[in-house]
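Line by line, the protein sequences are chains W and U.
Position in the first sequence (first residue = 1) + 1 = the working numbering.
Position in the second sequence (first residue = 1) + 1 = the working numbering.
Cβ atoms here follow ideal geometry from the backbone N, Cα and C, with glycine treated the same way.
Fair warning: this is a prediction, and the values are worked out from it, not measured in the lab.
2 protein chains.
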Amino acid sequence: MTDADDEIVRSGRDAEATKRALVRAARRRFATEGYRATTVRQIAADVGVNVALINRYFVSKDGLFEACMLRTSDELATRSTVPATTPAEVIERLIAHALNAPNGDDPLQLLLLLRSSGDENADRIRRRTLEHFTRKLAGASGWSPDDPTTEPVLLKAQLAIATMLGVVMLRTSAAVEPVASATAEELAGPLREVLRVLLDDRRP
Amino acid sequence: MTDADDEIVRSGRDAEATKRALVRAARRRFATEGYRATTVRQIAADVGVNVALINRYFVSKDGLFEACMLRTSDELATRSTVPATTPAEVIERLIAHALNAPNGDDPLQLLLLLRSSGDENADRIRRRTLEHFTRKLAGASGWSPDDPTTEPVLLKAQLAIATMLGVVMLRTSAAVEPVASATAEELAGPLREVLRVLLDDRRP
DNA sequence: TCGTCAAGTCAGCATCCGCTTACATACCGA
DNA sequence: TCGGTATGTAAGCGGATGCTGACTTGACGA
């Protein structure tokens with residue numbers, strides 16, 4: 002929670018560390034409370050700096066949201082799908098990503114993808130990120146981008162994403178029982194079954 | 002879209018019709034844009050009446066949200082699960098409810114369940130509605146509320162709800178392709194498979 | 001030691017939001 | 001016909017929000 006960046010920001014004058022801390026605090030707020038409900042004063046207070054720095058570094062609240070989206074887009078693309086080669090591996094990685102500890106940032110990144118900002122530019126990035134993520138996931142299930150006849154695979158991959166988004170939403174934002182307080186082990190079993198149906202054609 | 006209630010409101014003085022029109026407009030706004038992003042001035046403008054009527058009829062913005070939740074709670078409980086007796090029937094009803102025409106109110110009702118209001122009372126109603134809906138769904142899958150050993154059934158029912166919520170979210174609020182413009186027929190197949198895994202123990 | 005510039009703060013402006021109060025208008029029974 | 005009540009409107013208040021411009025503080029090289 003209070004890690005290196007926070008210390009650096011508190012102790013002194015490191016613009017890059019301050020920017021990183023602002024992005025992380027913003028992502029937490031945006032993901033859990035939504036764009037409009039989050040105020041720039043809250044974010045600045047979370048980091049412990051003055052509000053005006055947000056406008057200095059990110060021009061506007063929209064700019065900060067866009068920075069969050071861009072970073073989430075990068076991390077999702079690189080960390081979640083690229084190293085995986087088989088459908089089974091993708092499934093395990095997806096489950097791990099979504100069921101991380103509530104304090105971890107991974108589920109929040111997924112959740113952020115659902116939050117519209119009202120800003121046209123940021124929303125386009127969000128949509129593109131989700132569609133890119135869909136193709137990555139479908140690709141790992143043996144789908145080739147050049148083959149239009151296998152479009153159902155794309156659709157099923159997106160249904161898998163929808164499932165994970167729904168689970169993350171119910172667990173973090175809505176806090177609905179029993180799924181909110183279920184352990185990762187309890188959820189991994191059924192989720193694995195569902196994802197196998199959607200992502201693994203060669204399932205048993 | 003412009004149906005009886007709107008006409009009545011525009012043409013005259015019918016308090017009940019005005020209340021219904023306000024609730025319907027509010028539900029549309031709350032579901033698609035979230036609680037904070039929706040303003041009472043917008044809702045009043047949608048119906049074509051003065052803003053003060055919202056406070057007169059529903060006391061506050063929170064009160065209007067609560068009215069939306071209560072009506073959604075009722076309709077979900079009665080229309081979606083009660084008439085169904087077998088898991089297969091429940092599954093078909095759930096799919097039909099979520100994949101209705103985008104102008105229909107049914108998907109919006111589901112979506113509304115995800116939107117936290119920031120108000121403690123309205124959020125409690127929302128959480129209770131979701132948990133009640135979970136038990137209804139689990140009950141239709143052969144789960145008995147008195148049997149604590151079958152708790153995984155409850156969890157799996159909630160995962161089914163999470164899946165449907167995710168799909169509705171991506172289709173309406175996020176508008177992500179290809180799931181946003183997919184037809185109900187294209188989606189029903191994979192969704193039926195997923196829901197069978199989660200809700201039907203006696204699946205083939 | 002001092003000048004320079006980046007990093008951060010402070011106070012305030014314009015706007016919007018939810019809500020309230022006072023007022024106007026249409027219905028309806030006596 | 002007329003007065004009372006229900007329905008709807010107009011205007012504005014207090015507060016919060018995003019953002020801005022002027023100011024202060026600290027680091028660092030000559």
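Next item on the list: For residue 170/U, go through chain W and note every residue whose CB falls closer than 8 Å to its CB, in chain order.
Entry: For the purposes of this step, residue 170/U is taken as the residue at position 169 of the second sequence. Going along chain W in sequence order, the residues near residue 170/U (Cβ under 8 Å) are 115, 163, 166, 167 and 170.
Next item on the list: Starting from residue 93/W, trace the alpha helix (DSSP H) both ways and give me its first and last residue.
Entry: Taking the first residue of the first sequence as position 1, residue 93/W is located at position 92. Annotation for residue 93/W: the continuous alpha helix (DSSP H) segment containing it runs 88-99.
Next item on the list: Anything in chain W within Cβ reach of residue 178/U, meaning under 7 Å, just list it in chain order.
Entry: Sequence index remark: in the second sequence, residue 178/U carries index 177 (1-based). What residue 178/U touches in chain W: 132.
Next item on the list: Give every residue of the same chain whose Cβ lies closer than 8 Å to the Cβ of residue 71/U, excluding the five residues on either side of it in the sequence, and list them in chain order.
Entry: What you label residue 71/U is simply residue 70 of the second sequence in a count that begins at 1. 126, listed in sequence order.
Note to self: Once the 5 residues before and after residue 189/U are set aside, which same chain residues still bring their CB inside 6 Å of it?
What the structure shows: Numbered from 1 along the second sequence, position 188 holds the residue referred to as residue 189/U. Taking C-beta separations shorter than 6 Å and ignoring five residues to either side along the sequence, the partners of residue 189/U in its chain run 96, following chain order.
Check: With respect to the alpha helix (DSSP H) encompassing residue 58/W, which residues constitute its N-terminal and C-terminal limits?
Finding: The sequence position of residue 58/W within the first sequence is 57, counting from 1. Counting along the chain, the alpha helix (DSSP H) containing residue 58/W begins and ends at 53-59.
Check: What's the gap between the Cα of residue 128/U and the Cα of residue 16/W?
Finding: Looking up residue 128/U in the second sequence gives position 127. Looking up residue 16/W in the first sequence gives position 15. Computed Cα separation, rounded: 41 Å.
Checklist line | Residue-level contact to chain U via CB, residue 187/W, 8 Å cutoff | finding: For the purposes of this step, residue 187/W is identified with residue 186 of the first sequence, where counting begins at 1. True, the Cβ-Cβ gap to chain U drops below 8 Å.
Note to self: Output needed for residue 59/W: all residues of its chain with C-beta closer than 7 Å, excluding positions within five of it in sequence on either side, in chain order.
What the structure shows: The count along the first sequence starts at 1 and reaches residue 59/W at position 58. Around residue 59/W: 65 and 68.
Note to self: Between 35/W, 48/W, 37/W and 185/W, which has its C-alpha nearest residue 24/W's C-alpha?
What the structure shows: Your numbering for residue 24/W matches position 23 in the first sequence. Nearest option by C-alpha distance: 48/W.
Check: Among the residues of its own chain, which have a CB less than 8 Å from the CB of residue 170/U, if the five just before and after it don't count?
Finding: What you label residue 170/U is simply residue 169 of the second sequence in a count that begins at 1. Taken in chain order, the residues that qualify are 112 and 115.
Item checked: 8 Å Cβ cutoff met for residue 180/U and residue 110/W -> For the purposes of this step, residue 180/U is taken as the residue at position 179 of the second sequence. For the purposes of this step, residue 110/W is taken as the residue at position 109 of the first sequence. No. Outside cutoff.
Item checked: Short Cβ contact (8 Å threshold) for residue 200/U with residue 161/U -> Walking along the second sequence from the start, residue 200/U turns up at place 199. Walking along the second sequence from the start, residue 161/U turns up at place 160. Going by beta carbons, residue 200/U and residue 161/U fall inside the 8 Å limit.
Check: Can you tell me where the alpha helix (DSSP H) with residue 160/W in it begins and where it stops?
Finding: Numbered from its first residue, the first sequence carries residue 160/W at position 159. Per DSSP, residue 160/W belongs to the alpha helix (DSSP H) from 152-169.
Check: Per DSSP, what kind of secondary structure is residue 49/W in: helix, strand or coil?
Finding: Taking the first sequence and counting its residues from 1, one reaches residue 49/W at position 48. Of the three classes helix, strand and coil, the one that applies to residue 49/W here is coil, per DSSP.
Item checked: Coil, strand or helix - residue 107/U by DSSP -> Stepping through the second sequence from its first residue, residue 107/U is reached at position 106. DSSP places residue 107/U within a helical segment (H, G or I) once states are collapsed to three.
Next item on the list: Taking only the alpha-carbon atoms, compute the straight-line gap between residue 205/W and residue 137/W and give it to the nearest angstrom.
Entry: Taking the first residue of the first sequence as 1, we reach residue 205/W at position 204. Taking the first residue of the first sequence as 1, we reach residue 137/W at position 136. Because residue 205/W carries a pLDDT of 47, less than 50, the predicted location of this residue cannot be relied on, and no value is offered for it.
Item checked: Nearest residue (CA-CA) to residue 42/U, options 51/U, 124/U, 19/U and 76/U -> As a working mapping, residue 42/U is identified with position 41 in the second sequence. Ranking 51/U, 124/U, 19/U and 76/U by Cα distance to residue 42/U puts 51/U first.
Note to self: Counting C-beta neighbours from all protein chains within 10 Å, is the total for residue 117/U 16 or more, i.e. buried, or is it exposed?
What the structure shows: The residue given as residue 117/U occupies position 116 in the second sequence. The C-beta of residue 117/U has 16 or more other C-beta atoms within 10 Å across all chains shown, which makes the residue buried.
Note to self: Would residue 24/U pass as an interface residue toward chain W - the criterion being a Cβ-Cβ separation below 8 Å?
What the structure shows: In the second sequence, the residue the question calls residue 24/U occupies position 23. Not an interface residue.
Margin query: Looking at chain W, is there any beta carbon in it that lies within less than 8 Å of the beta carbon of residue 194/U?
Written below: Translated into positions along the second sequence, residue 194/U becomes position 193. Yes - at least one Cβ of chain W is within 8 Å of the one on residue 194/U.
Notebook entry, point to check: Contact check, residue 73/U vs residue 174/U under 8 Å by CB: the rounded distance?
Noted result: For this step, residue 73/U is matched to residue 72 along the second sequence. For this step, residue 174/U is matched to residue 173 along the second sequence. Between residue 174/U and residue 73/U the Cβ distance is about 16 Å, and since that is not below 8 Å, they are no contact.
Margin query: Counting only Cβ-Cβ distances shorter than 8 Å, please list the residues of the region 30-43 of chain U near chain W, keeping chain order.
Written below: Only those residues of the region 30-43 of chain U whose C-beta falls short of 8 Å from the nearest C-beta of chain W are listed: 34, 35, 36, 37 and 38.
Item checked: C-beta neighbour in chain W for residue 159/U, strict 8 Å -> Working through the second sequence from its first residue, we reach residue 159/U at position 158. So, interface residue.
Note to self: So for residue 112/W, helix, strand or coil by DSSP?
What the structure shows: Stepping through the first sequence from its first residue, residue 112/W is reached at position 111. Note: residue 112/W maps to helix in three-state DSSP.
Notebook entry, point to check: In this structure, does DSSP put residue 117/U in helix, strand or coil?
Noted result: For this step, residue 117/U is matched to residue 116 along the second sequence. Of the three classes helix, strand and coil, the one that applies to residue 117/U here is coil, per DSSP.
Next item on the list: Could you check if residue 119/W is buried or exposed, using at least 16 other CB atoms within 10 Å of its CB as the buried criterion?
Entry: Locating residue 119/W in the first sequence gives position 118, where the first residue counts as 1. Exposed is the call here.
Notebook entry, point to check: Rounded to a whole number of angstroms, what is the C-alpha to C-alpha distance between residue 75/W and residue 134/W?
Noted result: Sequence index remark: in the first sequence, residue 75/W carries index 74 (1-based). Sequence index remark: in the first sequence, residue 134/W carries index 133 (1-based). Computed Cα separation, rounded: 10 Å.
Next item on the list: Could you have a look at residue 178/U and say whether DSSP puts it in helix, strand or coil?
Entry: Mapped onto the second sequence, residue 178/U falls at position 177. Of the three classes helix, strand and coil, the one that applies to residue 178/U here is coil, per DSSP.
Check: Helix, strand or coil: which one does DSSP assign to residue 37/U?
Finding: Mapped onto the second sequence, residue 37/U falls at position 36. In the structure shown, residue 37/U falls within a coil segment according to DSSP collapsed to helix, strand and coil.
Margin query: Less than 8 Å between the C-beta atoms of residue 54/W and residue 46/W, yes or no?
Written below: Along the first sequence, read from residue 1 onward, the residue named residue 54/W stands at position 53. Along the first sequence, read from residue 1 onward, the residue named residue 46/W stands at position 45. Going by beta carbons, residue 54/W and residue 46/W fall outside the 8 Å limit.
Check: From what residue to what residue does the alpha helix (DSSP H) around residue 197/W run?
Finding: Taking the first residue of the first sequence as position 1, residue 197/W is located at position 196. Per DSSP, the unbroken alpha helix (DSSP H) holding residue 197/W starts and ends at 185-200.
Checklist line | Expected contact under 8 Å - CB spacing of residue 166/U and residue 187/W to nearest Å | finding: Against the second sequence, residue 166/U aligns to sequence position 165. Against the first sequence, residue 187/W aligns to sequence position 186. Actually they do not touch by this definition, with Cβ atoms about 19 Å apart.
Check: Would you report the Cα separation of residue 121/W and residue 63/W, rounded to the nearest angstrom?
Finding: Counting from one through the first sequence, the residue named residue 121/W turns up at place 120. Counting from one through the first sequence, the residue named residue 63/W turns up at place 62. Cα-Cα distance, rounded: 10 Å.
Next item on the list: Output yes if chain U places a C-beta closer than 8 Å to the C-beta of residue 154/W; else output no.
Entry: For the purposes of this step, residue 154/W is identified with residue 153 of the first sequence, where counting begins at 1. It does not: the Cβ of residue 154/W has no partner Cβ on chain U nearer than 8 Å.
Notebook entry, point to check: For chain W, is any of its Cβ atoms less than 8 Å away from the one on residue 128/U?
Noted result: If you number the second sequence from 1, residue 128/U lands on position 127. Between residue 128/U and chain W, the shortest Cβ-Cβ separation is below 8 Å.
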